[in-house]
């Protein structure tokens with residue numbers, strides 16, 4: 026039996042329903058529809074909702090209604106953070122924007138590249154939702170013995186953990202290389218320092234023939250943190266501020282040098298929460314197109330897979346950074362020996378009480 030719920034506000038008690046069960050169902054459906062109408066009204070899109078309801082084909086109703094509701098909720102959250110959030114909350118909210126930032130949540134762990142441990146997933150989710158970590162070390166092991174807040178910001182900005190940041194960088198680099206190879210592109214990641222004679226500086230990957238007019242293209246990958254003190258007063262209010270700064274710095278460092286030897290250069294920038302630069306998205310789509318054409322797979326399917334894979338890689342290694350940074354701090358302080366329980370399990374299984 027299919028029941029069509031209209032937009033009228035008739036009193037449920039004024040209609041003689043066949044049973045109390047049907048009456049309760051209709052009442053609930055009308056209440057839910059009222060929420061969708063309110064959401065569409067707040068978005069200024071009530072006419073679009075009415076136009077959809079007037080259509081005969083209702084196969085996408087759940088998607089359409091959910092879209093109105095979700096966008097309305099996001100607007101409410103954005104207004105709440107703008108009015109009452111601190112700088113970290115504002116920066117984190119903007120940093121979580123973009124399709125790659127949340128793609129990892131919808132990943133289906135069917136292969137090695139798409140799997141996260143339960144602990145990694147929980148830590149990534151806490152970082153995304155800005156849930157405080159209750160069992161982090163109070164002080165860092167760095168020279169300044171910097172205090173570590175319950176958001177763990179310092180763990181993602183301290184130079185003492187640069188090897189961990191490189192681990193994350195290399196994982197993203199490897200993923201992009203594999204995407205290029207999947208598209209039958211010759212991708213080179215070694216001996217790039219010999220291309221420029223000045224000081225051995227080099228980008229991360231060379232994609233043969235992927236620059237303008239068939240020139241070779243060198244890309245350099247960098248990951249920033251919107252919470253970092255050097256960015257915070259701007260990243261809290263300006264979307265993609267960190268990405269733009271990183272991109273500008275990389276262009277200044279590399280672009281002219283590569284141009285002088287006839288090679289194009291492109292900076293590929295990320296924020297740790299997953300937001301990416303427009304430059305990266307454009308290049309990513311180009312690689313996905315090549316992979317889809319080479320393997321005779323629909324572009325949307327290929328894009329969806331690699332989007333989730335890169336997003337998962339980022340969040341998986343964020344969790345690894347937190348784990349390994351905590352283990353280093355504990356070892357330096359003499360509190361952890363080889364064979365002890367990973368701190369990632371302690372952090373991930375913290376009990377939170379709603380206040």
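In our numbering, the protein residues as written are 26 to 380.
Cβ atoms here follow ideal geometry from the backbone N, Cα and C, with glycine treated the same way.
In this text, all values refer to a predicted model and were calculated from it rather than measured experimentally.
So residue i and residue j are supposed to be a Cβ contact under 8 Å. How far apart are they, rounded?
{"i": "residue 103", "j": "residue 93", "result": "No, residue 103 and residue 93 are not in contact; Cβ-Cβ is about 16 Å, not under 8 Å."}
{"i": "residue 340", "j": "residue 252", "result": "16 Å between Cβ atoms; not a contact."}
{"i": "residue 250", "j": "residue 181", "result": "5 Å"}
{"i": "residue 357", "j": "residue 166", "result": "4 Å"}
{"i": "residue 335", "j": "residue 200", "result": "6 Å"}
{"i": "residue 240", "j": "residue 287", "result": "6 Å"}
{"i": "residue 9", "j": "residue 259", "result": "What is shown of the chain runs 26 to 380, which leaves residue 9 out entirely."}
{"i": "residue 61", "j": "residue 71", "result": "About 10 Å; that fails the 8 Å criterion."}
{"i": "residue 242", "j": "residue 289", "result": "5 Å"}
{"i": "residue 150", "j": "residue 342", "result": "That pair is no contact at about 15 Å."}
{"i": "residue 198", "j": "residue 163", "result": "Actually they are not in contact, since the Cβ atoms of residue 198 and residue 163 sit about 34 Å apart, beyond 8 Å."}
Here's a check: name, in chain order, each residue in its chain whose Cβ is nearer than 6 Å to the Cβ of residue i, leaving out the five neighbours to either side.
{"i": "residue 294", "result": "247, 268, 271, 272, 302"}
{"i": "residue 213", "result": "231"}
{"i": "residue 345", "result": "none"}
{"i": "residue 328", "result": "313"}
{"i": "residue 134", "result": "140"}
{"i": "residue 63", "result": "none"}
{"i": "residue 42", "result": "48"}
Considering only residues of the same chain and omitting the five flanking positions on each side of residue i, which have a CB-CB separation below 7 Å?
{"i": "residue 331", "result": "204, 313"}
{"i": "residue 153", "result": "121, 298"}
{"i": "residue 194", "result": "246, 248"}
{"i": "residue 378", "result": "With a pLDDT of 47 at residue 378, under the threshold of 50, the predicted position of this residue should be treated as unreliable, and no value is reported."}
{"i": "residue 132", "result": "139, 333, 337"}
{"i": "residue 211", "result": "233"}
{"i": "residue 106", "result": "114, 115, 118"}
{"i": "residue 237", "result": "289"}
{"i": "residue 261", "result": "112, 115, 116"}
{"i": "residue 324", "result": "313, 314, 317"}
{"i": "residue 157", "result": "175, 176"}
{"i": "residue 206", "result": "212"}
{"i": "residue 89", "result": "77"}
Residue i lies in the beta strand (DSSP E); which residues open and close that run?
{"i": "residue 294", "result": "289-296"}
{"i": "residue 249", "result": "242-249"}
{"i": "residue 232", "result": "230-232"}
Following the continuous alpha helix (DSSP H) through residue i, name the residue where it begins and the one where it ends.
{"i": "residue 412", "result": "For residue 412 there is no data in the structure shown, the boundaries of the chain being 26 and 380."}
{"i": "residue 189", "result": "187-207"}
{"i": "residue 70", "result": "Neither: residue 70 is in no alpha helix (DSSP H) and is coded neither H nor E."}
{"i": "residue 118", "result": "112-120"}
{"i": "residue 307", "result": "303-320"}
{"i": "residue 136", "result": "Per DSSP, residue 136 belongs to no alpha helix (DSSP H) and is neither H nor E."}
{"i": "residue 325", "result": "324-357"}
{"i": "residue 159", "result": "Taken as a continuous stretch (DSSP letters only), residue 159 belongs to no alpha helix (DSSP H), as it is neither H nor E."}
{"i": "residue 147", "result": "143-154"}
{"i": "residue 126", "result": "124-127"}
Excluding the 5 residues preceding and the 5 following residue i in the sequence, name in chain order all residues of the same chain whose CB lies nearer than 8 Å to its CB.
{"i": "residue 68", "result": "93, 96, 97, 100"}
{"i": "residue 189", "result": "345, 346, 349, 350"}
{"i": "residue 178", "result": "113, 250, 252, 253"}
{"i": "residue 380", "result": "For residue 380, the predicted structure reports a pLDDT of 38, less than 50, and the residue's modelled location is therefore unreliable. A value from the coordinates is still provided. None."}
{"i": "residue 170", "result": "164"}
{"i": "residue 304", "result": "272, 291, 292, 293, 294"}
{"i": "residue 310", "result": "328"}
Would you check whether the ligand SAH has a heavy atom nearer than 7 Å to the C-beta of residue i?
{"i": "residue 248", "result": "Absence of the ligand SAH from the depicted structure is noted, as is the absence of any ligand whatsoever, leaving it without description."}
Measuring CB atoms only, is the segment 119-133 touching the segment 297-315, in the sense that at least three cross pairs come out at less than 8 Å? yes
Quick one: any contact between the segment 168-175 and the segment 278-290, if contact means 3 or more CB pairs under 8 Å? no
Entirely enclosed alpha helix (DSSP H) segments - the segment 46-99, minimum 4 residues: Secondary structure in the segment 46-99: the alpha helix (DSSP H) runs of 4 residues or longer, each lying completely within the stretch, are 71-78 in chain order.
At 4 residues or longer, and completely inside the segment 251-291: list those alpha helix (DSSP H) runs for me, N to C. 254-260, 266-275, 281-285
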